[in-house]
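Here is the structure we will look at, set down as structure tokens.
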Amino acid sequence: IVLAGTDGRHKERKYYTELAETLPENTLVITAGDVKYRFLTHDFGQIDGIPRLLDAGQSNDFSIIIEFLQGLKQSLGLTELNDLPVSFNIAWYEQKTILMMLALFSLGFRNMRVGPTLPPFFTPAILESLAEKYGLKGIDSVENDIESMLAGN
1116 IVLAGTDGRH KERKYYTELA ETLPENTLVI TAGDVKYRFL THDFGQIDGI PRLLDAGQSN
1176 DFSIIIEFLQ GLKQSLGLTE LNDLPVSFNI AWYEQKTILM MLALFSLGFR NMRVGPTLPP
1236 FFTPAILESL AEKYGLKGID SVENDIESML AGN
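Mind the numbering: the sequence shown is residues 1116 to 1268 in this note's numbering, read in order.
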């Protein structure tokens, strides 16, 4: 599960902390941006000696995640990046989020989430178009989103 972007400083914006701490123990969490600071001290443990929480840096370092996934795709012999068992859940708080989404769209990724609020310029028509073409959706509850992401949606 990739959690990226800026979560904001308001206490009510705790969705990403709850999401990260609720994910199953066999799930790798990759972060980029400020979204990680609320749960960075949480002990996520390891999977086969690899820390479950891998941090790529700030939002500007998002390309590191893409490079990592491209290498993983190649080492697994997959054709498309979208064939990887990865879900993106991007925190919207500033414009960098849009650049992340555009990069993911250009690489063919589908079924990503953005939240906890939607960008204010996402009119219903824009959101409908992005949902239809790329499977973009807003967040739901932590439980529903985890179930959906683990199912590949």
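Built from N, CA and C at the ideal position, the CB exists for glycine as well.
A straight line joining the alpha-carbon of leucine 1187 with that of threonine 1232 spans about 31 Å. If you look at aspartate 1170, you'll find it in the beta strand (DSSP E) that goes 1168-1170. Around the beta carbon of glycine 1120, 16 or more other beta carbons sit within 10 angstroms, so the residue counts as buried.
Taking C-beta atoms as the reference points, isoleucine 1180 and isoleucine 1145 count as a pair closer than 7 Å. DSSP links arginine 1228 through a beta bridge to Asn1204 and Lys1252. DSSP places leucine 1118 in the strand class (E or B) of the three-state scheme. Comparing alpha-carbon positions, the option among Gly1172, Met1216 and Ala1266 lying closest to leucine 1242 turns out to be Met1216. For glutamate 1182, the closest alpha carbon among the candidates Thr1212, Leu1219 and Ile1205 is that of Leu1219. If you draw a straight line from the Cα of leucine 1143 to the Cα of glycine 1160, it comes to about 10 Å.
For arginine 1167, the CB contacts under 8 Å within the same chain, skipping 5 residues up- and downstream, are Glu1140, Thr1142, Leu1143, Val1144, Phe1159, Gly1160 and Gln1161 in chain order.
Taking 8 Å as the upper bound for CB-CB distance, tyrosine 1130 and valine 1229 are not in contact here, some 11 Å apart.
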